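There are 2 protein chains.
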Amino acid sequence: MAQDAQPLLAIAQATRQAAQTLAGLSADAKNRAIEAVAAALEAHADEIVAANQADCEAAIADHLAKPLYGRLKLDGVKLAGAIAGVRDVARLPDPVGTVQIHRELDDGLVLKRVAVPLGVLGVIFESRPDAVMQIAALAIKSGNGVILKGGREAVGSCTALVQAIKQGLRKAGIDPAAVQLLTTREETRALLDLEGYVDLIIPRGSNAFVRFVQENTRIPVLGHADGICHLYVDSEADLEQAIAIALDAKTAYPSACNAIETLLIHRDMAVVGLPALAEALHQARVELRGDETACQIVPYLVPTTEEDWATEYSDLILSIKVVDSVDEAIAHISTYGSRHTEAIATRNPVTAAQFMDRVDAAGVFHNCSTRFADGFRYGFGAEVGISTQKMPPRGPVGLEGLVTYKYRLVGDGHISAPYSGSEARPFTHRDLPL
Amino acid sequence: MAQDAQPLLAIAQATRQAAQTLAGLSADAKNRAIEAVAAALEAHADEIVAANQADCEAAIADHLAKPLYGRLKLDGVKLAGAIAGVRDVARLPDPVGTVQIHRELDDGLVLKRVAVPLGVLGVIFESRPDAVMQIAALAIKSGNGVILKGGREAVGSCTALVQAIKQGLRKAGIDPAAVQLLTTREETRALLDLEGYVDLIIPRGSNAFVRFVQENTRIPVLGHADGICHLYVDSEADLEQAIAIALDAKTAYPSACNAIETLLIHRDMAVVGLPALAEALHQARVELRGDETACQIVPYLVPTTEEDWATEYSDLILSIKVVDSVDEAIAHISTYGSRHTEAIATRNPVTAAQFMDRVDAAGVFHNCSTRFADGFRYGFGAEVGISTQKMPPRGPVGLEGLVTYKYRLVGDGHISAPYSGSEARPFTHRDLPL
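This is how it looks when you write it as structure tokens:
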């Protein structure tokens with residue numbers, strides 16, 4: 015651990031201790047705590063909005079970039095929406111205590127694998143003070159303590175929010191140290207060094223920021239940097255569907271990680287369909303870039319460079335590449351995709367199966383928009399992050415990403431020796447009702 | 015990626031490509047491949063044993079340490095046992111293809127979460143050439159390619175084994191590049207740098223070796239360094255049971271990670287029970303070390319130093335500490351335990367629940383030996399490693415540790431726009447049969 019981490023250590027230990035109590039609470043008790051937090055936020059709405067107003071004014075004086083400013087702003091309406099979101103979390107099923115394995119190993123020797131909280135979460139986010147409320151609610155629901163680090167520009171807002179949250183916790187009889195706020199940049203580095211004290215880091219911000227976090231901590235990180243998703247329009251695609259999907263996947267929310275950046279199109283389909291496809295996207299004010307073949311078919315495309323294929327535009331820009339086969343599409347995705355979500359439009363079930371089996375990504379979609387890759391849309395009730403790592407949890411992660419499990423084995427003096435050697439007693443390994 | 019990794023890259027890519035085919039095989043086809051591997055190993059038994067003989071002779075000439083030599087040796091009997099182990103893997107349930115979530119998001123828009131292979135495993139082990147066979151079988155069963163790196167002293171044995179395995183794969187019509195062998199130390203470092211090409215590293219060897227691997231790669235590592243497990247004998251323990259458990263947990267296999275290193279005993283029980291407990295362990299030739307109180311009760315104990323509590327002896331040595339409460343026992347475990355397996359002996363269910371709820375470890379055991387912490391004993395059929403990390407997979411990990419999952423979403427032209435905004439179409443989120 016770096017030296018910087020020392021002052022933070024006391025905070026982390028206090029959070030861990032508070033989290034131990036949270037971990038033992040019933041679902042009802044946790045839901046009451048969440049309701050108390052929601053009520054406290056309502057009671058302090060004026061102060062929170064005023065603190066945010068001050069942050070916003072300072073941001074204007076500091077010439078904060080416009081999109082950041084938009085995310086910073088928290089007016090009464092947005093606050094009320096976020097508080098409703100807190101109450102939604104109370105209605106989610108409790109992820110803790112679920113019995114995943116229940117097995118008799120032998121007479122009177124019974125194993126259970128039970129879901130338990132991770133312990134302490136470290137959540138680092140840029141701007142967006144409303145994230146504080148959602149994260150605190152999810153942490154309480156999953157029985158975890160949480161150390162929050164907001165952006166410098168939102169310090170006043172975050173402080174007001176966390177004060178209210180702590181007051182709610184206190185009212186519910188819960189140690190307010192369960193939710194902590196850090197405010198300085200130095201503390202971010204120190205937080206990343208707290209291996210063994212913080213169990214999971216969730217970064218929320220730009221790709222560069224997430225990459226920085228991933229590269230500077232040995233604590234597991236839930237999240238993803240780039241989101242370079244593709245739509246492959248096959249020779250046997252329904253062109254009308256493909257156009258609708260491309261439009262939705264590019265324009266519904268261009269800065270989302272599940273928006274597409276590149277459209278791959280089979281040569282046969284390109285010849286007959288690319289003009290209409292390009293026209294529809296052009297009408298929707300998408301800047302279109304194309305490889306040589308695409309530019310030959312649709313002359314108003316801007317020629318792509320190698321860099322285009324590896325870029326997440328996060329904007330109304332789409333690069334188009336003409337391919338000769340589903341294999342070439344898969345190879346392109348394998349080289350440039352970020353293992354997030356990849357879609358194919360085709361009427362041919364064999365081609366679809368090839369694509370979905372062989373593309374290595376958290377999500378593989380057939381005849382639908384990549385925009386569905388989302389925890390809420392998948393029915394998880396909440397989304398704590400989207401992971402593009404290979405190991406689970408992968409893809410959109412709900413509350414189950416904030417819990418782990420432990421094995422509980424109960425015997426009556428059972429020892430291992432009789433189960434070893436040439437006359438070994440066999441295990442029964444009989445599964446019991448969950 | 016480091017420069018060293020360049021030559022290895024071609025190997026990793028060949029393995030990844032071979033793995034893609036493996037990933038698509040049916041359970042039957044994979045089992046046939048495993049049988050072909052077992053048959054090929056049998057057919058080449060003489061060459062394998064001879065190659066091992068040569069390795070062993072070189073090891074004697076090199077003055078290889080005796081325990082390492084014991085693990086290196088692979089005679090006909092040990093080989094036959096290992097081949098039987100390969101066939102056992104064929105009988106395990108296929109971990110690939112399991113549908114974990116099956117959900118209608120809306121009419122005609124259906125989500126499935128399906129278990130898929132990780133891709134390419136990197137397995138690095140010291141000595142023990144028999145590990146090659148088990149690992150290759152587990153890799154094939156789980157649809158993964160595997161790059162093996164054995165110890166220098168076992169190069170001849172490993173080469174003979176992998177040649178036979180590749181021949182078996184070829185006979186079954188599978189690209190032999192699915193199983194690769196590296197032989198130089200430089201390649202170990204290069205392997206650890208292959209992030210993006212190797213999906214999971216499994217180190218098998220000493221604690222120091224595992225720690226080295228964990229600290230020198232950004233690829234996920236399945237394994238654990240230290241195994242410092244405790245048995246806490248409560249004031250309300252059944253002394254006879256506690257003695258039997260302590261004996262088993264310490265002496266059945268002292269170098270195992272699930273053996274205990276420290277016995278914690280409640281003061282009240284120590285006064286009446288420690289002499290008998292110590293006598294039983296002493297009779298079993300366990301070297302006993304004790305804190306001040308323990309030494310007062312049992313004078314022949316060697317006084318402990320601070321270092322004892324943090325040491326995995328991997329030998330017939332046990333440190334004993336007298337505590338005043340279950341809280342003190344939990345606090346000691348929290349400071350010195352390695353989150354592997356922790357046991358309590360007590361007849362008091364409330365105390366047991368406190369211990370099991372509050373101790374943070376992969377396994378928490380009540381009135382039974384820590385030695386049960388094992389994939390085979392848990393009924394997983396195989397164990398690919400034991401993880402002491404907080405995030406799943408945690409504890410003993412079976413074949414499920416070698417697979418991940420992907421989300422497959424199938425629609426009929428579904429786009430996200432209708433599900434957004436003030437008149438958003440609701441999702442049905444209806445779970446379908448698995």
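If you're matching them up, the sequences are chains A and B in order. Numbering-wise (the numbering used here), the first sequence opens with residue 15 and increments by one. Numbering-wise (the numbering used here), the second sequence opens with residue 15 and increments by one. Beta carbons are placed, not taken as given, at the ideal position from N, Cα and C, and that holds for glycine. Note that the structure is predicted; figures quoted are calculated from it, not measured.
Simplified DSSP assignment, three categories, for A:Gly84: Collapsing the DSSP output to three states places A:Gly84 in a helix.
Kindly say whether A:Pro107, judged by its beta-carbon, lies nearer than 9 Å to any beta-carbon of chain B. Not an interface residue.
Can you give, in chain order, each stretch of the beta strand (DSSP E) that sits fully within the stretch 309-375 of chain A and has at least 3 residues? Inside the stretch 309-375 of chain A, DSSP marks whole beta strand (DSSP E) runs of 3 or more residues at positions 331-337 and 355-359, from first to last along the chain.
Using a Cβ cut-off of 9 Å, pull out every chain A residue sitting near B:Leu245, in sequence order please. For B:Leu245, none of the residues of chain A pass the 9 Å Cβ criterion, the least Cβ distance being about 11 Å.
Closer than 7 Å at the beta carbon, the chain E residues around A:Ser430: No chain E is part of this structure, whose protein chains are labelled A and B.
Which residues of chain A have a Cβ atom closer than 7 Å to the Cβ of B:Ala151, listed in chain order? Under the 7 Å cutoff, chain A gives no residues; its nearest Cβ is about 20 Å from B:Ala151.
Helix, strand or coil for B:Ala19? Go by DSSP, reduced to three states. With a pLDDT of 48 at B:Ala19, under the threshold of 50, the modelled position of this residue cannot be trusted; read the value that follows with caution. Note: B:Ala19 maps to helix in three-state DSSP.
From the DSSP output, in three-state form, read off A:Cys172 for me. Secondary structure at A:Cys172: helix, using DSSP grouped into helix, strand and coil.
Once you ignore the five residues that flank A:Arg232 on each side, which residues in its own chain have a CB closer than 7 Å to its CB? Take A:Arg232, set aside five residues on each side of it, and the residues of its chain with a beta-carbon closer than 7 Å to its own are Glu209, in chain order.
Between B:Glu201 and B:Leu23, which are expected to be in contact by the criterion C-beta below 8 Å, what is the C-beta distance as a whole number of angstroms? About 12 Å; that fails the 8 Å criterion.
So, does the CB of B:His443 fall closer than 9 Å to a CB anywhere in chain A? So, interface residue.
Once you ignore the five residues that flank B:Ser328 on each side, which residues in its own chain have a CB closer than 7 Å to its CB? Annotation for B:Ser328: Pro268 and Ser269 place their beta carbon closer than 7 Å to its own, counting only its chain and skipping 5 residues before and after.
So, helix, strand or coil for A:Phe441, using DSSP? Under the three-state reduction of DSSP output, A:Phe441 falls in the coil class, being neither helix nor strand.
Give the secondary structure of B:Cys70 by DSSP, where H, G and I count as helix, E and B as strand, and everything else as coil. Looking at B:Cys70 - three-state DSSP - the assignment turns out to be helix.
Return the CA-CA distance between B:Leu125 and A:Ile429, expressed in angstroms with no decimal places. So the alpha carbons of these two residues sit roughly 45 Å apart.
Enumerate in chain order the residues of its own chain whose CB-to-CB distance from A:Gly399 is below 6 Å, with the five nearest sequence positions on each side excluded. Answer for A:Gly399: Ile216, Leu236, Gly237 and Val411, listed in chain order.
Near A:Thr402, which residues of its chain fall below 7 Å by C-beta distance, leaving aside the five closest residues on each side in sequence? Within its own chain, the residues whose Cβ lies closer than 7 Å to the Cβ of A:Thr402, once the five positions on either side in sequence are excluded, are His238, Ser352, Arg353, His354 and Ala376, listed in chain order.
Rounded to the nearest angstrom, what separates A:Gln17 and B:Asp374 at their Cα positions? Per-residue confidence for A:Gln17 stands at a pLDDT of 44, beneath the threshold of 50, marking its modelled position as unreliable; the derived number appears in the next sentence. Taking C-alpha positions only, A:Gln17 is separated from B:Asp374 by approximately 26 Å.
Is B:Val91 buried or exposed, if buried means 16 or more other CB atoms sit within 10 Å of its CB? That one is exposed.
Supposed contact pair B:Gln194 and B:Ile25 - C-beta distance, whole angstroms, cut 8 Å: With 8 Å as the limit, B:Ile25 and B:Gln194 qualify as a contact, their Cβ atoms being about 6 Å apart.
Looking only at its chain, what residues have a beta carbon closer than 8 Å to the beta carbon of A:Lys180, apart from the 5 residues adjacent to it on each side? Cβ neighbours of A:Lys180 beyond the five flanking positions: Pro190 and Val193.
Sort A:Ile154, A:Ala150, A:Gly157 and A:Ser156 by Cα distance to A:Lys163 and report the nearest one. Nearest option by C-alpha distance: A:Ala150.
For A:Gly95, which residues in chain B fall below 8 Å Cβ to Cβ? Near A:Gly95 there are no residues of chain B at all, since even the closest Cβ is about 12 Å away, more than 8 Å.
Does B:Arg225 come within less than 9 Å of chain A when only Cβ atoms are used? Taking Cβ atoms only, chain A never reaches closer than 9 Å to B:Arg225, which makes this a no.
Verify whether the separation of the beta carbon atoms of B:Val247 and B:Leu295 is less than 9 Å. No; because the gap between Cβ atoms is not below 9 Å, this pair is not in contact.
Just by C-beta distance, which residues in the stretch 27-45 of chain A are closer than 8 Å to chain B? Considering only beta carbons, the part of the stretch 27-45 of chain A lying closer than 8 Å to chain B consists of Gln34, Ala37 and Gly38, in chain order.
Taking CB distances under 9 Å as the criterion, tell me whether B:His380 reaches chain A. Output row for B:His380: interface = yes.
Distance, B:Ala33 Cα to A:Ala65 Cα: For A:Ala65 and B:Ala33, the distance between alpha carbons rounds to 56 Å.
Interface partners of B:Lys335 on chain A, CB under 9 Å: Contact note: B:Lys335 does not reach chain A at a C-beta cutoff of 9 Å; the least C-beta distance is about 22 Å.
Could you have a look at A:Ile216 and say whether DSSP puts it in helix, strand or coil? In the three-state DSSP reduction, A:Ile216 falls in the strand class (E or B).
Per DSSP, B:Leu162 is paired with what? Bridge partners of B:Leu162: B:Val137 and B:Leu195.
I think B:Ala308 touches B:Tyr350, with their Cβ atoms under 8 Å apart; what is that distance to the nearest whole Å? That pair is no contact at about 16 Å.
With DSSP run on the structure shown, which of helix, strand or coil describes B:Gln403? In the structure shown, B:Gln403 sits in coil (DSSP, three-state: anything other than H, G, I, E or B).
Environment of A:Val316 [buried if 16+ CB atoms lie within 10 Å]: Exposed.
Endpoints, the beta strand (DSSP E) within which B:Gly95 is located: Element bounds for B:Gly95: not the beta strand (DSSP E) but the alpha helix (DSSP H), Gly90 to Arg105.
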